[in-house]
Amino acid sequence: MIEQINEAVDFIRRKTSFLPRTGIILGTGLGQLINKVKIEAQIPYADIPQFPVSTVESHSGHLIFGWLSDKPVVVMQGRFHYYEGYNMKQVTFPVRVLKKLGILRLFISNAAGALNPDHRLGDLMVLNDHINLFPENPLWGQNLDEFGPRFPDMFEPYDRQLLKQTLYVADTLNIKVHQGVYAGVPGPNLETPAEYRYLRTIGADAVGMSTIPENIVARHMNLPVMAISVLTDLCMPGYLEPVSIEKVLAAAAGAEPKLTSIITELTAQLND
Ligand code: HPA
27 MIEQINEAVD FIRRKTSFLP RTGIILGTGL GQLINKVKIE AQIPYADIPQ
77 FPVSTVESHS GHLIFGWLSD KPVVVMQGRF HYYEGYNMKQ VTFPVRVLKK
127 LGILRLFISN AAGALNPDHR LGDLMVLNDH INLFPENPLW GQNLDEFGPR
177 FPDMFEPYDR QLLKQTLYVA DTLNIKVHQG VYAGVPGPNL ETPAEYRYLR
227 TIGADAVGMS TIPENIVARH MNLPVMAISV LTDLCMPGYL EPVSIEKVLA
277 AAAGAEPKLT SIITELTAQL ND
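Just so you know, we're using the numbering used here here: the sequence shown kicks off at 27 and counts up by one.
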């Protein structure tokens, strides 16, 4: 595993010497942030040795290095989902690579279903915690001691300072942002009405099929994480209706400018 990571890092280093300080993973239907990035280098996932290749059409699959708000970032345009058939080590492989490339923090976006009755379609929710319902853990097996401990602490899965700063930025931009708990499920099917009720009962405010694996691996490496969900469908009793990927993408597109503004401004406020 370490050798695979090093191979990918070495390849990327031969393509660019750009030193990113913030890693950004863009979720389903949330690729527009890239238009704000002054691009220095762009590498297709397919070219990077050991990198999985994205299979979802709504993800174009590039690692993009450049300047966002004059800060050095690396953006994952497209992520790897467990439901695509990758194992969790593959899903989270890029996060290990980004850390080795020098990032000091990780921002994650995703599309999620809303479970909290106070939330509305197209609202944003910053994650303050999560509930991991994936059947496989990216840290299973031999521990990579050079990256982190065998039993990583999850007291603060989402960085409090970044969370506070995100809420502050949203406020100054006049954008409503909730905070709440994200439940991560394997997918790819959406949930049944009883499952949505169950997820609400166990304390989730939103549900999605990503983010938690990347978060766990980032936290294993003590990387601070900020994650934000775009709420693309309403999953509360009385609001349920059939969900399609088209509806999810349409809702994501509608809310995307808000997300882009927040991440752009949050990045502007970083010190490195
Ligand atoms: N459930 C799971 N994942 C999702 C949903 C949902 O309702 N909406 C967007 N991603």
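For glycine and all other residues, C-beta sits at the position ideal for the given N, C-alpha and C.
For residue 194 against residue 253, the beta-carbon gap comes to about 17 Å, at or over 8 Å, which does not count as contact. Of the candidates 139, 134 and 179, the residue whose Cα lies closest to the Cα of residue 271 is 139. Measuring C-alpha to C-alpha distances from residue 124 to each of 267, 290 and 243 identifies 243 as the nearest. The shortest C-alpha to C-alpha distance from residue 43 to any of 78, 91 and 154 is the one to 91. In the structure shown, residue 37 adopts helical secondary structure according to DSSP, grouped into three states. With fewer than 16 other Cβ atoms inside 10 Å of its own Cβ, residue 215 counts as exposed.
Counting only runs that start and end inside the region 153-210, the alpha helix (DSSP H) elements of at least 4 residues fall at 186-198.
In this structure residue 89 does not touch residue 63 by the C-beta definition: roughly 12 Å separates them, more than the 8 Å allowed. DSSP, reduced to helix, strand and coil, places residue 267 outside both helices and strands of the structure shown, so it counts as coil. Rounded to whole angstroms, the gap between the alpha carbons of residue 78 and residue 34 is 11 Å. Here residue 238 really is in contact with residue 158; their C-beta atoms are around 5 Å apart, less than 8 Å.
Contact annotation: the region 144-160 does not touch the region 49-59, with fewer than three C-beta pairs closer than 8 Å.
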